[in-house]
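Taking it in order: structure first as structure tokens, then the write-up.
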Amino acid sequence: MVVAYNREVTAVINTDNLLFNIQQIKSNCITTQHIFAVVKADAYGHGLEEVSKVVESAVDGFCVALIDEAIALRNAGITKPILVMGLTPAYLVPLCVANDVSVTFTNLEFLQEVVSLPLTKSLKVHLAVDTGMNRIGVETVEETLAIEHFLQQHDLVFEFEGIFTHFATADGEDDNKVVKQYERFERIVDALSKKPKYVHLGNSAMTLWRHQFYSDIARIGIAMYGLNPSDFVLDLPFELKSALSLTAQINHVHLLKKGESVSYGAKYIAKKDEWIATVPIGYADGWRREYAGMGVYLNGMKCDVLGVICMDQLMIRVPQGTQVGETVELIGKYQSASDVAVSVGTIGYEVLCGISPRVNRQYVSDML
Ligand SMILES: *Cc1c(COP(=O)(O)O)cnc(C)c1O
């Protein structure tokens with residue numbers, strides 16, 4: 017994978033803001049819980065290793081989606097607990113054990129397969145409970161009790177470390193479905209003869225807006241990166257600061273003559289002479305063609321994108337006198353990832369995760 021270090025396009029990640037957001041969550045929402053930083057998908061585009069190293073001392077552990085992400089964290093020197101929240105096939109369990117990684121499972125078959133493997137140490141497991149997301153998890157008390165029984169019989173192979181669920185509507189206004197999911201979860205947890213160390217249900221939205229539902233672990237993703245999990249549906253209960261901004265420098269300026277067209281398909285035609293600038297960022301960087309309606313900001317002023325966004329470049333209307341080398345903001349103070357997301361009917365998460373690996377990430381901190 018080529019990272020464009022030698023190009024004037026940068027995703028700047030302010031690591032002070034990551035720590036500020038964690039502190040805000042700790043002081044406003046958390047009583048006795050543990051905070052696990054969710055750093056799947058390259059830390060939502062912010063950089064898995066860099067973000068994890070910065071926040072490790074401020075959190076109690078990490079959550080990732082995939083075993084490869086967990087291994088990358090261990091290779092980066094992360095020593096705190098790591099939970100893989102997606103499903104890991106049993107044949108990969110030796111890799112998990114070797115890297116001291118906790119895994120998520122949903123059924124007895126998985127445990128039976130693991131028992132037949134030659135393991136040197138016990139495997140830490142979290143049981144996922146499906147309470148209405150209908151993604152992964154056990155659904156009934158009966159299955160859960162059979163699983164608990166099996167775990168107790170094989171307590172040298174397994175460490176029953178956690179049980180958790182995930183909410184489908186924690187970022188919405190309506191409480192009904194949340195309460196229903198919570199009740200299903202409670203019924204299953206209450207049926208256990210012995211609760212594991214971590215009973216957890218809190219993602220960012222649950223932690224920000226519904227921390228009356230107790231969770232031993234707050235699995236904090238989007239809020240740590242400083243975005244409102246609901247974009248604009250619910251107001252944030254306290255300030256969060258976006259960690260990522262995306263900027264680029266203009267590398268060409270010229271006068272577009274009346275009647276001339278811009279970019280592929282000649283979809284934009286100038287009604288009068290106007291100045292136009294080229295910015296070296298495009299859809300291969302994650303600045304999708306659909307974002308053309310958003311514009312970019314030059315010294316706080318919105319500049320419209322003219323014509324379609326290309327793979328590596330886009331064109332904008334600029335005031336006369338604009339110079340090559342001037343910086344435009346695509347995400348930052350004037351335009352948030354949530355603004356961009358909502359303009360195309362998606363969510364801030366997707367905009368952040370969509371910033372491609374080609375874009376150089378730079379880490380800044382006032383504390384350095
Ligand atoms: C991704 C994920 C999270 C983190 O969600 P945020 O909304 O980013 O806080 C928490 N729990 C599970 C199971 C997830 O898949």
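Just so we're aligned, residue 17 is where the sequence shown starts under our numbering, counting upward by one.
Glycine is no exception: its CB is placed at the ideal position from the N, C-alpha and C atoms.
Assignment of alpha helix (DSSP H) within the region 44-88, counting only whole runs of 4 or more residues, yields 56-60, 64-71 in chain order.
Placement of the Cβ of Asn219 at a distance of less than 6 Å from at least one heavy atom of ligand 1 is found. Tyr230 sits in coil when the DSSP states are folded into three classes, being neither helix nor strand.
Selection Met240, Phe176, Thr185, Tyr230 evaluated against Ser209 yields Phe176 as nearest (Cα-Cα). Segment contact: the region 359-370 against the region 320-338, fewer than three CB-CB distances shorter than 8 Å; contact not assigned.
DSSP, reduced to helix, strand and coil, places Asn22 outside both helices and strands of the structure shown, so it counts as coil. A check of alpha carbon separations from Gln197 across Gly153, Val344, Leu167 identifies Gly153 as the nearest.
With 16 or more other Cβ atoms from the protein chains shown falling within 10 Å of its own Cβ, Lys56 counts as buried. For Cys319, the CB contacts under 8 Å within the same chain, skipping 5 residues up- and downstream, are Ala293, Gly311, Val312, Tyr313, Ile332, Arg333, Val334, Val344 in chain order. Between the C-alpha atoms of Val80 and Gly218 there is a straight-line separation of about 15 Å. Of all alpha-carbon atoms in Phe248, Val278, Tyr350, the one lying nearest the alpha-carbon of Leu262 is that of Tyr350. Taking C-alpha positions only, Val119 is separated from His268 by approximately 51 Å.
Of the heavy atoms belonging to ligand 1, at least one sits nearer than 6 Å to the Cβ of Met101. For the 7 Å CB-CB criterion, Val215 and Ile266 do not form a contact. Judged by DSSP secondary structure, Cys369 falls outside any beta strand (DSSP E) and instead within the alpha helix (DSSP H) spanning 364-369. Going by DSSP, Val100 is part of the beta strand (DSSP E) stretching over 98-103. DSSP places Glu255 in the coil class of the three-state scheme, outside both helix and strand. In the DSSP assignment, Ser354 forms no beta bridge with any residue. In this structure, Val100 sits near Ile83, with a CB-CB distance shorter than 7 Å. If you check the CB distance, Val131 and His170 come in under 7 Å. Contact between Ser138 and Phe174 holds, since their C-beta atoms are separated by about 6 Å, short of 8 Å. For the 7 Å CB-CB criterion, Val141 and Phe201 do not form a contact. Distances taken from the Cβ of His50 to the heavy atoms of ligand 1 include none shorter than 6 Å.
Restricting attention to Tyr107, Thr95, Val117, Val75, the CA atom closest to the CA of Ile236 is found in Val75. Judged by DSSP secondary structure, Trp291 falls within the beta strand (DSSP E) whose first and last residues are 290-295.
Three or more beta-carbon pairs separated by less than 8 Å link the region 249-257 to the region 34-44, which places the two stretches in contact. The residues Leu243, Ser258, Leu260, Ile347, Gly364, Val367, Leu368, in chain order, have a CB closer than 8 Å to that of Ala353 in the same chain once the five nearest residues on each side in sequence are set aside.
Here Asp247 is buried. Its C-beta has 16 or more other C-beta atoms within 10 Å. Measuring C-alpha to C-alpha distances from Asp206 to each of Ile238, Thr160, Gln228, Gly188 identifies Thr160 as the nearest. DSSP, read as helix, strand or coil, puts Glu177 in strand. Boundaries cannot be given for Ser381, as no alpha helix (DSSP H) includes it and DSSP labels it neither H nor E.
Spanning the alpha carbons of Ser372 and Met383 requires a straight line of approximately 28 Å. DSSP, read as helix, strand or coil, puts Tyr214 in strand. The straight-line gap separating the alpha-carbon atoms of Asn91 and Ala282 is approximately 49 Å.
Straight across, the Cα-Cα distance linking Phe36 with Leu111 is about 34 Å.
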